[in-house]
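Participant: Taken in order, these protein sequences are the chains called A and B.
Note that the numbering used here gives residue 75 to position 72 of the first sequence, counting from 1, and the numbers run on in steps of one.
Note that the numbering used here gives residue 1506 to position 513 of the second sequence, counting from 1, and the numbers run on in steps of one.
The structure is given below, and queries will be raised subsequently.
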Amino acid sequence: MMKNLRILALAAALALSGTAGSALAQSTEVNIYSYREPGLIQPLLDRFTEETGVKANVLFAGDGLIERVAAEGELSPVDVVLTVDIGNLAAAKEQGITQTISDAALERVPEAFRDPDGQWVALSLRARVFYASRDRVTETALTYEDIAGPEWDGRLCTRPGDHVYNIGLIANRIAVWGLDETREWLAAVRDNLAFAPTGNDRGQVKSILEGSCDLAIGNTYYMGLMLNNEAEPEQKDWAAASRIIYPDAEGAGTQVNVSGAVLSKWAPNAQNGNKLIEFLLSDEAQQLYANANYEYPVVPDVQPDELVLSWGELNASDVPLTEVAAQREAAAALVDELRFNEGPQD
Amino acid sequence: MTARTGRGRPLPVASFLLVLIAGLPILWLTVAALGAAVEGRSGLSATMLPTALRETGLLMVWVGLLTSVFGMIAAWLVTHFDFPGRRVLEWALILPLAVPTYLAAYAYVEVLDFTGPVQQFVRLLTGAETLRDYWFPDIRSDAGAAIVLSLVLYPYVYVACRAFFLMQSGSIGVAARTLGASAWRTFHSVTLPLSRPPIVVGATLAMMEVVNDLGAVQYFGVNSLTAVIYSTWINRSDFGGAAQLAVTIVLIIAILILAEQAARRARLYASHRDSKVPQLREPLSGRRGALATGFCLLLLLLGFGVPFGQLAILALRNIQPEALALTAGTGLTTTLLAAAGALITVVIGLFAARQGSPRAHLGARSAIRLATLGYAIPGTVLALGLLQPLGQADLWINRTTMWLLDWRPGLILSGSIAALLYVYAIRFLAVSHSTLDAAMRKRGDTVLDAGRVLGVRGWELLWRVDLPTLTPAILSAATLVFVEIVKELPATLLLRPLGVDTLATVVYGRANVGLFAEAALPALTIVLIGLVPMLLATRLSGRRD
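Okay, here's the thing in structure tokens:
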């Protein structure tokens, strides 16, 4: 019985694996594994197809795509992996699933935001900032050190400390301050929390609205998405209770994370893969991307969306992302050591 | 496939083969876990582990208790009594099963948090402006998680108990009542102890669901074991450490299940339908009738009405042609996948229940138990455990065909729906197996023996006696698995081939970037598609009562 079943499954698999096979034969396609939601990148891909005649196939998943490429190995149909967070980009390189991206693409991006060996490149910047209550916070400028002070006791909130966004922030701090100073800072921030970390960045906006928290740590684009949410217009009011403060704007700069791309080592359509990455870094695509999701363009001359500009100018921390990536493990260990997710301990 | 031992019992070769196939991801995870241990890494040293163990343990206990209470009382009411609305409620009470836990969590947070209608109303009444002015229980808490999860998971206990009560002879209850025991006394000193097996079956499924859940639990802010596994893997880039945690959880659950079985073996209740006394439904009217109706109605309202209503409102607010097209397309894919997956899982479940029957070899029975553990593993981890061996197998297949035929078939296992059907079968074997196993035990082997005496053998016995007598159980097993697959998210997300999307992956994709409004229609469709086979199955099995 089992044997028959497996033969059946095999036959079904053969019938359905046509896509992978055909991708090998012709090269008018490019296959993408994306950590980014398809709705966000589909308009860009449509534009790409219009311009180049290359059809883009996307598979979206939240986690594990790098592992999937590694498992598929030389048979993998994928050309380009689109991902968020420096951790994923570094992991892709480390797992050996990448190849060098074309110079035409790499040259578009400042050095701090691409791999020195050309194995990954950033496509957009995501600033991690403070959301401040309009009613209960009077400060207009804050440094990272500031939120460790006693005046913020019981007033801060954030999503769990081991989320990649917070790991990125803490790793950035370690790269700037060193481990000991960061430990002290993080412990003070933990004790200033209003409640144990929970929810996502959007949830923190609600916490400010409901009055359980005055200052939250979050990514800028969530504010953009909420303020322009036509499908659920009530979100506009929720977001309106907060304003954005860029941490360290007058000092060493605000920490930024990235979304980025790698070219698969086994890309069956490597040429099209490079073409796609070059397209995503073109002025046109950068502008489209910036306007669609309120992130910052990575190409220097392209301007962010108007709404984003209205929050002030971004002074991005110039710590190279490779240094941030190198401190991620230490950052995760710190979150563990300080039991950050259990909330204030004083 | 089976060989005979000297004592006439078939050696469980087939069972071990099943374990090997079903256990492949666990085996692979174990290898990864040991590999990491050899390198001196240990996921078990995560400082969050004690907290996570405590919180997950507590959540399991609470969900186990609450689902048992909700499900058992509801089943007892609809099978032992007649009260206004009983006929409709009897089948409607399983509806919450169609609501994925992650959607229930989302809906309840939307309804009960600061911006939801309930708190808006409170503020309207009290004139309060922020949470600093009044107190309201926080839905994003351990207690919130336990209650909401129990409200959508109680049908596991309800279905098992109801089937048990329907098959139970009425004689025991009648005897108790004849002896002067009140309905309440009959309940707690006869019905309750007797229904331990179905309660355990149902509550175990619900508790395993709690262990493997990620989305809902994270939404409620519980520090769960699964969240620690995830964090170890994603945030610390330590897959080996994550594998160690996953394997440890599976071990703990295996021990729990074996202990429970050992306890149950010690006292097998005479649960055969020894006499033909039908289960009499005592009519309830007046206040008691209203109480019974009220209890069932409330359960239905909270487990199904609230999440369904919330999704429906959101979906109706945002009907757009693209959303409709997207939902229709992915809805079809989802239905086909779920139907194929249910078929395969039920066939394997039948095989497993047969191999693991009380007459079978002890080794076979234990092996089958192991094979059903996939249900307790977080979907993504299970998928990762499968990805690597399947990828490796694909590589070998391609090298062989290249060498023999100068042709490469590509990723026929890891890059096709075969991987999905495989992971569904492993993941939901526990669901189909437990249902079928219970039914087989209930039915006993006497029917088969009778068939054999009458000269029916082999396939004919299977077709004419074995399967027909199990039809209700087969239908409910297929329904449960179908509904589970429609709801399944993490494994589908990671293992689906390029270009294949299910309703759940679409919902996740939209909700992930906060576009709940766009996610509402496909989410509602998940619930609706789950309803269809549930209604069909109850109608069909209802006719047989």
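Cβ coordinates follow ideal geometry from the N, Cα and C atoms, glycine included.
Distance cutoff 7 Å, beta carbons only. Does Gly1282/B sit that close to anything in chain C?
Facilitator: Going by chain labels, chain C is absent from the structure shown, which instead holds the protein chains A and B.
Participant: List the residues of chain B whose Cβ lies closer than 8 Å to the Cβ of Phe51/A, in chain order.
Facilitator: By Cβ distance, chain B contributes nothing, its closest Cβ being about 17 Å from Phe51/A, past 8 Å.
Participant: Grab me the residues of Gln290/A's own chain with a C-beta within less than 6 Å of its C-beta, minus the 5 sequence neighbours each way, in chain order.
Facilitator: Here the set comprises Val305.
Participant: In the structure shown, what three-state DSSP assignment does Ile1140/B receive?
Facilitator: In the structure shown, Ile1140/B sits in a helix (DSSP, three-state: H, G or I).
Participant: Between Asp1387/B and chain A, is the shortest Cβ-Cβ distance under 7 Å, so that the two count as touching?
Facilitator: Answer yes: the Cβ-Cβ gap between Asp1387/B and chain A drops below 7 Å somewhere.
Participant: Assuming Leu1059/B contacts Ser1143/B (C-beta within less than 8 Å), just tell me the rounded distance between them.
Facilitator: At roughly 4 Å, the Cβ-Cβ gap stays under 8 Å, so Leu1059/B and Ser1143/B are in contact.
Participant: Hey, would you say Gly276/A sits closer than 7 Å to Val33/A, going by beta carbons?
Facilitator: Contact flag set, yes.
Participant: Does the beta-carbon distance from Tyr292/A to Ala219/A come in below 7 Å?
Facilitator: Going by C-beta atoms, Tyr292/A is not nearer than 7 Å to Ala219/A.
Participant: Taking the beta strand (DSSP E) that Asn34/A falls in, what are its first and last residues?
Facilitator: 32 to 37 is the extent of the beta strand (DSSP E) around Asn34/A.
Participant: In this structure, how does DSSP classify Arg1450/B when only helix, strand and coil are distinguished?
Facilitator: Of the three classes helix, strand and coil, the one that applies to Arg1450/B here is coil, per DSSP.
Participant: How many Å lie between Ser355/A and Asp118/A at the Cα?
Facilitator: Look at the range of chain A in this structure, 4 to 349, and you will see that residue 355/A is not part of it.
Participant: Counting only C-beta atoms, is Leu1529/B closer than 7 Å to chain A at any point?
Facilitator: No, its Cβ sits nowhere closer than 7 Å to a Cβ of chain A.
Participant: To the nearest angstrom, how far is it from the Cα of Val1183/B to the Cα of Leu1294/B?
Facilitator: C-alpha separation (whole angstroms): 30 Å.
Participant: Comparing the C-beta of Gln1381/B with each C-beta of chain A, is any distance below 7 Å?
Facilitator: So yes, Gln1381/B belongs to the interface.
Participant: Work out the CA separation of Leu1508/B and Ile1405/B for me, nearest whole Å.
Facilitator: The alpha-carbon atoms of Ile1405/B and Leu1508/B are separated by roughly 34 Å.
Participant: Can you say whether Lys268/A is buried or exposed, counting buried as having 16 or more other CB atoms within 10 angstroms of its CB?
Facilitator: So Lys268/A counts as buried.
Participant: Going along the chain, which unbroken runs of the alpha helix (DSSP H) with 4 or more residues stay wholly within the segment 85 to 146 of chain A?
Facilitator: Taking only runs of at least 4 residues, the alpha helix (DSSP H) segments lying wholly in the segment 85 to 146 of chain A are 89 to 97, 106 to 109.
Participant: Taking 7 Å as the threshold (C-beta atoms), are Ala1025/B and Ala1547/B in contact?
Facilitator: For residue 1547/B there is no data in the structure shown, the boundaries of chain B being 994 and 1538.
Participant: Return the chain-ordered ranges of every beta strand (DSSP E) run that is complete within the segment 1283 to 1370 of chain B and spans a minimum of 3 residues.
Facilitator: With a minimum length of 3 residues, no continuous beta strand (DSSP E) run stays inside the segment 1283 to 1370 of chain B.
Participant: Which residues bound the alpha helix (DSSP H) around Ala319/A?
Facilitator: Note, Ala319/A: premise wrong, no alpha helix (DSSP H); not H, not E.
Participant: I'd like the ranges of any alpha helix (DSSP H) spanning at least 4 consecutive residues and lying wholly in the segment 1173 to 1243 of chain B.
Facilitator: Whole alpha helix (DSSP H) segments, 4+ residues: 1176 to 1179, 1189 to 1205, 1208 to 1212, 1218 to 1227.
Participant: Using 10 angstroms around the beta-carbon of Leu1118/B, count the other beta-carbons present and answer buried if the total reaches 16, otherwise exposed.
Facilitator: The residue in question, Leu1118/B, is exposed, as its Cβ has fewer than 16 Cβ neighbours within 10 Å.
Participant: In angstroms with no decimal places, state the Cα-to-Cα distance between Ile177/A and Asn318/A.
Facilitator: Rounded to the nearest angstrom, the two C-alpha atoms are 19 Å apart.
Participant: Less than 8 Å between C-beta atoms, sequence neighbours within five positions excluded: which residues of the same chain meet that for Gln274/A?
Facilitator: Taken in chain order, the residues that qualify are Ser30.
Participant: State the CB to CB distance for the pair Ala1504/B and Ile1519/B, rounded to an integer number of angstroms; the pair is presumed to be in contact (CB under 8 Å).
Facilitator: Incorrect: roughly 12 Å between the Cβ atoms, too far for contact.
Participant: Please classify Arg1125/B as buried or exposed, where buried requires at least 16 neighbouring CB atoms within 10 angstroms.
Facilitator: Exposed, since its Cβ has fewer than 16 Cβ neighbours within 10 Å.
Participant: Applying the criterion that 16 or more other CB atoms from any shown protein chain within 10 Å of the CB defines a buried residue, is Arg978/B buried or exposed?
Facilitator: Nothing about residue 978/B can be reported from this structure: the residues present for chain B run from 994 to 1538 only.
Participant: Round the Cβ separation of Tyr224/A and Tyr297/A to the nearest angstrom and send it over; I've been treating them as touching at under 8 Å.
Facilitator: Tyr224/A to Tyr297/A, Cβ: 4 Å. Contact.
Participant: Considering only DSSP beta bridges, list what Leu159/A is partnered with.
Facilitator: Leu159/A pairs with Leu196/A, Leu218/A.
Participant: Give the list of continuous alpha helix (DSSP H) stretches no shorter than 4 residues that lie fully inside the segment 226 to 261 of chain A.
Facilitator: You should have 237 to 243.
Participant: Assign Lys239/A to one of two classes, buried (16 or more other C-beta atoms within 10 Å of its C-beta) or exposed (fewer than that).
Facilitator: By the 10 Å Cβ count, Lys239/A comes out exposed.
Participant: What alpha helix (DSSP H) runs, 4 residues minimum, are completely inside the segment 1479 to 1537 of chain B?
Facilitator: As far as the segment 1479 to 1537 of chain B is concerned, its whole alpha helix (DSSP H) runs of at least 4 residues are 1483 to 1488, 1496 to 1505, 1509 to 1537.
Participant: So with CB distances below 8 Å, who are the chain A contacts of Asn1205/B?
Facilitator: Simply none; closest approach about 15 Å.
Participant: Determine the direct distance from the alpha carbon of Tyr1147/B to that of Gly1302/B, and round the result to whole angstroms.
Facilitator: If I take the Cα positions, the gap works out to 19 Å.
Participant: First and last residue of the beta strand (DSSP E) that includes Val61/A?
Facilitator: That run of the beta strand (DSSP E) goes 58 to 63.
Participant: Less than 7 Å between the beta carbons of Ser1425/B and Thr1338/B, yes or no?
Facilitator: Against a cut-off of 7 Å, the Cβ pair of Thr1338/B and Ser1425/B comes out as a contact.
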